[in-house]
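K.L.:
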Amino acid sequence: MATRVVNGFWHYIESWGASVLNQIFYTLQVLAMVYLAFRATIVDRAQGFRTIVSVISAQIYFTGWQAMPLISILALASGSLVIMQSSFQLSFFGGHEMIGQLLVIVIVRELAPLLTALLVIARSGTAVASEVGNMKANREIEALEVMGINPLSYIVFPRLVGGIVSLLCLSFYFTLIALMGGFLVTKFTHDLPFSFYTESLAAAVAQEDIFLFLLKNTFGGAIIFTICCYQGLLVKQSPHEVPQVTTKAVVNSIIYVTVFNLGVSLWFYLNQLSRMGGLW
Amino acid sequence: MIQRASIHELRFSAMSFGFDPSQRILSEVDFSFPQNQVAKIDSPAGAGKSTLLKLLCGLCHPCSGDFLINGQSVNQMSFAEFVPYRLNLGYAFDLGGLLNNRTLRENVELPMLYHGLYPTQDIQARVDLWFERFGLTSVQHERPSAVSGGRRKVACLIRALIHEPEVLLLDEPTVGLAENLVEELTSEVRRRRDQGSLKYIFVVSSDERLQQGNFFETRICIQGGGLK
Chain H
1 MATRVVNGFW HYIESWGASV LNQIFYTLQV LAMVYLAFRA TIVDRAQGFR
51 TIVSVISAQI YFTGWQAMPL ISILALASGS LVIMQSSFQL SFFGGHEMIG
101 QLLVIVIVRE LAPLLTALLV IARSGTAVAS EVGNMKANRE IEALEVMGIN
151 PLSYIVFPRL VGGIVSLLCL SFYFTLIALM GGFLVTKFTH DLPFSFYTES
201 LAAAVAQEDI FLFLLKNTFG GAIIFTICCY QGLLVKQSPH EVPQVTTKAV
251 VNSIIYVTVF NLGVSLWFYL NQLSRMGGLW
Chain Z
1 MIQRASIHEL RFSAMSFGFD PSQRILSEVD FSFPQNQVAK IDSPAGAGKS
51 TLLKLLCGLC HPCSGDFLIN GQSVNQMSFA EFVPYRLNLG YAFDLGGLLN
101 NRTLRENVEL PMLYHGLYPT QDIQARVDLW FERFGLTSVQ HERPSAVSGG
151 RRKVACLIRA LIHEPEVLLL DEPTVGLAEN LVEELTSEVR RRRDQGSLKY
201 IFVVSSDERL QQGNFFETRI CIQGGGLK
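Sequence order for the protein chains is H and Z. Residue numbers for the first sequence follow the working numbering, so the first one is 1 and each next one is one higher. Residue numbers for the second sequence follow the working numbering, so the first one is 1 and each next one is one higher.
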């Protein structure tokens with residue numbers, strides 16, 4: 001009985017270790033692809049830089065520009081909810097002047113990077129993974145190679161750069177709409193003076209908020225589009241593999257982006273606590 | 001701008017290849033490919049005709065031995081080092097190979113614009129001329145999915161030929177092509193070969209029209225893991 005329990009425990013440790021190793025291996029492969037894509041584009045004297053720039057702008061158009069209506073609705077709804085709830089709760093406890101600080105923490109630091117990333121995964125991550133997967137199945141990647149065009153510089157690099165720029169812009173747009181649009185919507189339910197609201201926000205925004213915003217969105221964009229391109233390139237021959245890699249791309253992107261955002265927030269708050277002497 | 005590297009020798013040296021290590025398509029092959037002749041690649045179905053074309057354009061790499069271009073091993077070259085040779089290769093796929101998110105015209109223009117092989121105006125003029133010759137002008141701004149298989153095949157052939165490569169690899173080039181287009185293709189290949197600009201021509205085809213038109217001048221057979 002005891003031996004069976006010990007064996008079961010070891011088996012559990014073994015399978016857990018194997019899955020951790022798999023994740024590490026996967027991450028290393030994805031990082032290697034990013035390195036090779038940048039190297040192929042910049043170091044290897046990529047010829048068609050103008051062509052690559054046109055692919056980047058197309059990516060920004062599809063991922064950034066076309067997502068704006070959806071982002072507007074999401075930002076307006078979540079901004080209104082957060083402003084409504086926080087202003088009500090704060091006035092209940094008499095902390096009305098804290099509204100700016102609370103909104104910056106919730107919207108700028110957390111909601112904007114995470115919700116925008118999730119929306120981009122759902123909208124563009126799936127599109128990129130299935131597009132690249134179909135290109136592989138349709139032998140378009142082979143065709144590029146034969147033409148002397150490195151798929152890493154023509155396919156991966158523009159999607160990565162376009163994705164990062166799009167996510168940064170969309171997240172900024174989300175923040176703007178959530179804070180301003182949300183205020184206008186809640187104007188009907190709360191009597192919060194606009195001047196007080198904007199002053200409170202302006203006073204609350206600090207350098208570290210901008211740093212966190214840029215860090216989360218830049219790496220969020222990189223994570224999403226690298227994983228989606230990588231999964232798309234895993235298709236071997238057949239179109240039936242495309243839905244499978246697309247699903248895997250979405251799942252992995254969500255896991256990596258949320259874990260990254262959580263990790264950055266944790267690191268930031270632990271750092272703040274330790275600076276205040278509240279830790280160790 | 002990358003300069004094209006002229007190709008004057010294609011050779012296998014003790015070259016072995018197989019997708020499955022236990023089942024080699026080619027085993028320890030020493031073979032020097034014939035120049036200035038239209039070579040038909042022959043073998044039973046599924047024995048590796050298209051794979052041989054892929055080996056010759058560097059899409060597949062030998063399991064052992066070497067594929068040598070001008071005496072240089074392709075295995076040892078990085079992607080960037082192989083590009084000057086690739087600019088002298090033209091490869092027409094049997095199926096697929098056109099970028100679906102680009103129009104037929106953009107597909108044909110892409111390699112020349114990307115590598116800056118000719119001034120932009122020259123590229124436009126060349127594409128106009130080739131599209132006119134092969135009857136693609138009316139559909140030049142359509143995407144591959146919007147045109148027939150025959151027209152896709154023609155666009156793929158034009159892309160392989162338009163930059164005047166020294167090595168031409170054609171995989172089932174005439175499937176779905178009308179008689180006059182087959183004529184146009186074969187005469188263009190012969191003309192270039194006679195001019196000396198096209199040095200190596202490898203064709204995989206089971207089309208009787210090419211056979212009857214005496215298009216092929218030599219045969220390369222894949223047999224028993226070797227080339228004859």
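For every residue, glycine included, the Cβ atom is placed at its ideal position computed from N, Cα and C. All of these numbers come straight from a predicted model, not from anything done at the bench.
Report the residues of the segment 188-219 of chain Z with a CB closer than 8 Å to any CB of chain H, ordered along the chain.
P.N.:
Per Cβ criterion, the list is empty.
K.L.:
Look up H:Glu140 in the DSSP assignment and say whether it is helix, strand or coil.
P.N.:
Locating residue 140 of chain H in the first sequence gives position 140, counting from the first residue. Helix, per DSSP.
K.L.:
Would you call the segment 261-274 of chain H and the segment 35-44 of chain Z in contact, with 3 or more CB pairs under 8 Å?
P.N.:
As far as the Cβ criterion goes, the segment 261-274 of chain H does not touch the segment 35-44 of chain Z, which means the pair count is below three.
K.L.:
Can at least three beta-carbon pairs, one atom from the segment 53-60 of chain H and one from the segment 148-164 of chain H, be found at a separation below 8 Å?
P.N.:
These segments touch.
K.L.:
Counting only the same chain and skipping the five closest in sequence on each side, list residues whose C-beta sits under 7 Å from that of Z:Asn70.
P.N.:
Position 70 of the second sequence, counting from 1, holds the residue named residue 70 of chain Z. Here the set comprises Ile7, His8, Glu9.
K.L.:
Would Z:Gly65 be called buried (16 or more neighbouring beta carbons within 10 Å of its own) or exposed?
P.N.:
Your numbering for residue 65 of chain Z matches position 65 in the second sequence. Burial call: buried.
K.L.:
Determine the contact status of H:Gly220 and H:Phe174, defining contact as a CB-CB distance below 8 Å.
P.N.:
Your numbering for residue 220 of chain H matches position 220 in the first sequence. Your numbering for residue 174 of chain H matches position 174 in the first sequence. Contact flag unset, no.
K.L.:
Taking 8 Å as the CB-CB limit, is H:Glu140 close to chain Z?
P.N.:
As a working note, residue 140 of chain H is residue 140 in the first sequence. Interface residue, yes.
K.L.:
What are the boundary residues of the alpha helix (DSSP H) that Z:Val139 is part of?
P.N.:
Locating residue 139 of chain Z in the second sequence gives position 139, where the first residue counts as 1. No alpha helix (DSSP H) holds Z:Val139; DSSP gives it neither H nor E.
K.L.:
By the criterion of Cβ-Cβ separation under 7 Å, what are the contact partners of Z:Val83 in chain H?
P.N.:
Counting from one through the second sequence, the residue named residue 83 of chain Z turns up at place 83. Within chain H, the residues near Z:Val83 are Gly148.
K.L.:
When you compare the CB positions of Z:Leu185 and Z:Leu56, do they come within less than 8 Å of one another, or not?
P.N.:
Along the second sequence, one-based indexing puts residue 185 of chain Z at 185. Along the second sequence, one-based indexing puts residue 56 of chain Z at 56. Contact flag unset, no.
K.L.:
If you count every other CB in all the chains shown that lies within 10 Å of the CB of Z:Ser22, and 16 or more means buried, which is it?
P.N.:
Working through the second sequence from its first residue, we reach residue 22 of chain Z at position 22. With fewer than 16 Cβ atoms within 10 Å of its Cβ, Z:Ser22 is classed as exposed.
K.L.:
CA-CA distance, H:Leu167 and H:Ile210?
P.N.:
The sequence position of residue 167 of chain H within the first sequence is 167, counting from 1. The sequence position of residue 210 of chain H within the first sequence is 210, counting from 1. Answer to the nearest angstrom: the Cα atoms are 15 Å apart.
K.L.:
So H:Pro113 packs on H:Phe183, CB below 8 Å; how close in whole Å?
P.N.:
As a working mapping, residue 113 of chain H is identified with position 113 in the first sequence. As a working mapping, residue 183 of chain H is identified with position 183 in the first sequence. So it is not a contact: roughly 21 Å between Cβ atoms.
K.L.:
DSSP three-state label for H:Ser253, please.
P.N.:
The residue labelled residue 253 of chain H in the question sits at position 253 within the first sequence. Three-state result, H:Ser253: helix.
K.L.:
Can you pull the chain Z residues whose beta carbon is under 9 Å from the beta carbon of H:Thr51, in chain order?
P.N.:
The residue labelled residue 51 of chain H in the question sits at position 51 within the first sequence. Those are Leu110, Leu113, Tyr114, listed as they occur along chain Z.
K.L.:
Suppose the cutoff is 7 Å on Cβ atoms and the five residues either side in sequence are ignored; what does the same chain contact list for Z:Phe134 look like?
P.N.:
Residue 134 of chain Z sits at position 134 when you count from the first residue of the second sequence. The answer, listed in chain order, is Val154, Ile158, Leu181, Glu184.
K.L.:
Can you list, in chain order, the residues of its chain with a C-beta nearer than 8 Å to that of Z:Glu188? Leave out the 5 residues immediately preceding and following it.
P.N.:
Translated into the one-based positions of the second sequence, residue 188 of chain Z becomes position 188. Excluding positions up to five away in sequence, the list reads Leu161.
K.L.:
What residues from the segment 87-110 of chain Z come within 8 Å of chain H, judged by C-beta to C-beta, listed N to C?
P.N.:
Residues passing the 8 Å Cβ filter: Leu87, Leu89, Tyr91, Phe93, Leu95, Gly96, Gly97, Leu98, Leu99, Asn100, Asn101, Leu110.
K.L.:
What residue ranges within the segment 37-94 of chain Z form continuous beta strand (DSSP E) runs of no fewer than 3 residues, ordered along the chain?
P.N.:
Entirely contained in the segment 37-94 of chain Z, the beta strand (DSSP E) runs reaching 3 residues are, in chain order, 38-42, 64-69, 89-92.
K.L.:
How would you list, in chain order, the residues of chain Z whose beta-carbon sits under 7 Å from the beta-carbon of H:Glu145?
P.N.:
Stepping through the first sequence from its first residue, residue 145 of chain H is reached at position 145. Going along chain Z in sequence order, the residues near H:Glu145 (Cβ under 7 Å) are Leu59.
K.L.:
By DSSP, does Z:Phe12 sit in helix, in strand, or in coil?
P.N.:
Taking the second sequence and counting its residues from 1, the one referred to as residue 12 of chain Z is at position 12. Three-state DSSP puts Z:Phe12 in a strand.
K.L.:
Which of the residues in the segment 68-82 of chain Z, read from start to end, lie with their CB under 9 Å from any CB of chain H?
P.N.:
Here the close residues are Ser78, Phe79, Ala80, Phe82.
K.L.:
So which of H:Thr51, H:Gly95, H:Val108, H:Glu97 has the shortest CA-CA distance to H:Ser78?
P.N.:
Position 78 of the first sequence, counted from the start, is the residue given in the question as residue 78 of chain H. Nearest option by C-alpha distance: H:Val108.
K.L.:
Using the Cβ count rule (16 or more neighbours within 10 Å means buried), how would you classify Z:Ile123?
P.N.:
Within the second sequence, numbered from 1, the residue matching residue 123 of chain Z stands at position 123. By the 10 Å Cβ count, Z:Ile123 comes out buried.
K.L.:
Cα separation between Z:Gly224 and Z:Phe19?
P.N.:
Walking along the second sequence from the start, residue 224 of chain Z turns up at place 224. Walking along the second sequence from the start, residue 19 of chain Z turns up at place 19. Roughly 16 Å separates the two Cα atoms.
K.L.:
Spell out whether any CB of chain Z is found under 8 Å from the CB atom of H:Gly162.
P.N.:
Numbered from 1 along the first sequence, position 162 holds the residue referred to as residue 162 of chain H. Taking Cβ atoms only, chain Z never reaches closer than 8 Å to H:Gly162, which makes this a no.
K.L.:
By the three-class DSSP mapping on this structure, what secondary structure does Z:Ile7 have?
P.N.:
Sequence index remark: in the second sequence, residue 7 of chain Z carries index 7 (1-based). Coil, per DSSP.
K.L.:
Run through chain Z and tell me which residues come within less than 8 Å of H:Gly125, C-beta to C-beta.
P.N.:
Along the first sequence, one-based indexing puts residue 125 of chain H at 125. Those do not exist, as H:Gly125 stays about 17 Å from chain Z at its closest Cβ, beyond 8 Å.
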